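Structure first, then comments.
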Amino acid sequence: MHIQPTLYFRGACRDAIAFYVQALGAEVLSEQTVANTIPPDQARPGTEHMMLRAVLRIGESVIYLADGHGEPPAQFAGISLSLATRDEAEAQRYATALADGGSTRLPLRPTLWAGLYGMVIDRFGVCWTVEAPLAAPAV
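Residues in the sequence shown are numbered consecutively from -13, following our numbering.
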């Protein structure tokens, strides 16, 4: 079994893709729009630009993004995406990039389980926890 998160951006999916490519170095694996997936006579007028599914690779993970299907604006309450970085410098870089246009909910700080741990809300309302591993104990 495999859980695959899908984030819905109600008309802002292309902006979100561009942001995650810039902020996280995400790689776009595929994009399916109404225009390149649904025959024109079967598509709702004015939806040709809508993203049905985009697949992004972020590090070793894959997420799906879409514009959605006419539901209310995105509300990402009750969930966060956790970004486990290689080191503290990477954690600082990604937390700063993700918070650009958004907000920092918890500044990066040392915890019992991470060398640095923090929480940001990006410009699309997606909550991210960012953490760097604990330093290896001195031998």
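Cβ coordinates follow ideal geometry from the N, Cα and C atoms, glycine included.
Just so it is clear, the structure is predicted and the values come from calculations on it, not from any experiment.
Could you give the first and the last residue of the continuous alpha helix (DSSP H) run that contains residue i?
i          : result
residue 83 : 74 to 85
Compare the beta carbon distance of residue i and residue j with 9 Å and say whether it is the shorter of the two.
i          : j           : result
residue -6 : residue 51  : yes
residue 18 : residue 40  : yes
residue -4 : residue 53  : yes
residue 70 : residue 101 : no
residue 34 : residue 14  : no
residue 88 : residue 110 : yes
residue 6  : residue 44  : yes
residue 0  : residue 37  : yes
Near residue i, what residues of its chain come up, given a Cβ to Cβ distance below 6 Å and the 5 sequence neighbours on each side ignored?
i          : result
residue 83 : 9
residue 81 : 94, 104, 106 and 116
residue 29 : 20
residue -9 : 49
Got a sec, what are the start and stop residues for the beta strand (DSSP E) residue i sits in?
i           : result
residue 127 : Past the edges of the chain, shown from -13 to 125, lies residue 127, and the structure says nothing about it.
residue 118 : 113 to 118
residue 90  : 89 to 95
residue 102 : 102 to 107
Excluding five sequence neighbours on each side, which residues of the same chain lie with their C-beta closer than 7 Å to the C-beta of residue i?
i          : result
residue 46 : none
residue 77 : 71, 94, 102, 116, 117 and 118
Segment contact, 8 Å Cβ cut-off, at least three pairs: the segment 77 to 93 with the segment 110 to 122 = Taking 8 Å as the limit for Cβ pairs, the verdict is that the segment 110 to 122 does touch the segment 77 to 93.
Please list the segments of the alpha helix (DSSP H) lying wholly inside the segment -12 to 59, counting only runs of 4 or more residues, in order along the chain.
-> -1 to 10
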